[in-house]
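Undergrad: According to this note's numbering, the sequence shown is numbered sequentially starting from 12.
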Amino acid sequence: MRIEITSFGHNYGVPEADVILDARCLENPFWVPELKEKCGLDNEVQNYILGFPACREYIERLTELLSLQAGMSNRRGLDCLRIAVGCTGGRHRSVTVAELLARRFREENYEITLTHRDIQLA
């Protein structure tokens, strides 16, 4: 089964997906001067977000739920699960979560398509 993961910014509209996640509840690196110009592909941004226990727990639980859903969807014969992860601008939090989800699903041997739709706009 293929899993398509898209990060996006709510400021630019919500994409069509089977599952839409909102990462705006996570701590926002945008407000940290040395992280503002970076993005969720950068280790410093990922480490900042994962540095908060509540953020780590959110991502861990989310990953467990989506892993369960992917397995169930696969057993039902679905060929694709489309997951969209949004934050305000689509540059920091959503990108980080999408990257971490993609990493987990690759470990589970799913075919992954990962797109950061709005990373250059924010």
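We treat Cβ as the ideally placed atom computed from N, Cα and C, and that holds for glycine.
#1: Measuring only the C-alpha atoms, how far is aspartate 90 from proline 44?
#2: Leaving out five residues before and five after isoleucine 123 in sequence, what residues of the same chain have Cβ atoms less than 6 Å from its Cβ?
#3: Give a yes or no on whether the C-beta atoms belonging to threonine 17 and arginine 104 are separated by under 9 Å.
#4: Taking the alpha-carbon positions, what's the asparagine 120 to leucine 46 distance?
#5: Based on the DSSP secondary-structure assignment, which residues constitute the bridge partners of glutamate 122?
#6: Please go through the stretch 14–56 and give each complete alpha helix (DSSP H) segment of 4 or more residues, from N-terminal end onward.
TA: Reading off the structure:
#1: Residue mapping note: residue 90 aligns to position 79 of the sequence shown, counting from 1. Residue mapping note: residue 44 aligns to position 33 of the sequence shown, counting from 1. Going by the C-alpha atoms only, they are around 42 Å apart.
#2: As a position in the sequence shown, residue 123 is number 112, starting the count at 1. Only Ile14, Ala113, Phe116 and Arg117 meet the Cβ criterion.
#3: As a position in the sequence shown, residue 17 is number 6, starting the count at 1. As a position in the sequence shown, residue 104 is number 93, starting the count at 1. Between threonine 17 and arginine 104, the CB-CB gap reaches or exceeds 9 Å.
#4: Stepping through the sequence shown from its first residue, residue 120 is reached at position 109. Stepping through the sequence shown from its first residue, residue 46 is reached at position 35. Going from the Cα of asparagine 120 to the Cα of leucine 46 covers about 32 Å.
#5: In the sequence shown, the residue the question calls residue 122 occupies position 111. Residue pairing from DSSP places glutamate 122 in a beta bridge opposite Arg13.
#6: Runs found: none.
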